[in-house]
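In structure tokens form, the structure reads like this:
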């Protein structure tokens, strides 16, 4: 399953001083991911994915956002390579690896 979307980067308020930066997946895609991965999720409800932002591709996990959409961490190396800051909108492709 592939999910392609544009999303705004935001900083997790509980870790604001550590600049943990995320982008939220669309709500409809998140609901479908929940259905497809029921019973096969990893720790903290995570799902392994391959992600592309701009020219950068890497493997990571998405996490359920407390009943809302899944969230994708955008690591510093990606933000630097793609010249992204919190508040910027990024084009994102997420491919589920385990379902």
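Residue numbers (this note's numbering): 12 to 110. Cβ atoms here follow ideal geometry from the backbone N, Cα and C, with glycine treated the same way.
Bounding residues of the alpha helix (DSSP H) (the contiguous stretch that carries residue i)
i: residue 46; result: 38-48
i: residue 87; result: 87-92
Best match in the options for proximity to residue i [C-alpha to C-alpha]
i: residue 17; options: 30, 31 and 40; result: 40
i: residue 32; options: 109, 110, 91 and 105; result: 91
i: residue 98; options: 75, 79, 23 and 71; result: 23
i: residue 113; options: 58, 109 and 85; result: The requested residue 113 is not part of the displayed model; the chain covers only 12 to 110.
Beta bridge counterpart(s) of residue i as assigned by DSSP
i: residue 107; result: 60
i: residue 84; result: 33
Residue range of the unbroken beta strand (DSSP E) whose run includes residue i
i: residue 19; result: 13-19
i: residue 72; result: 67-75
i: residue 35; result: 32-35
Residue i vs residue j beta-carbon contact at 8 Å
i: residue 50; j: residue 74; result: no
i: residue 89; j: residue 34; result: no
For residue j and residue i, the rounded distance between their alpha carbons
i: residue 100; j: residue 36; result: 12 Å
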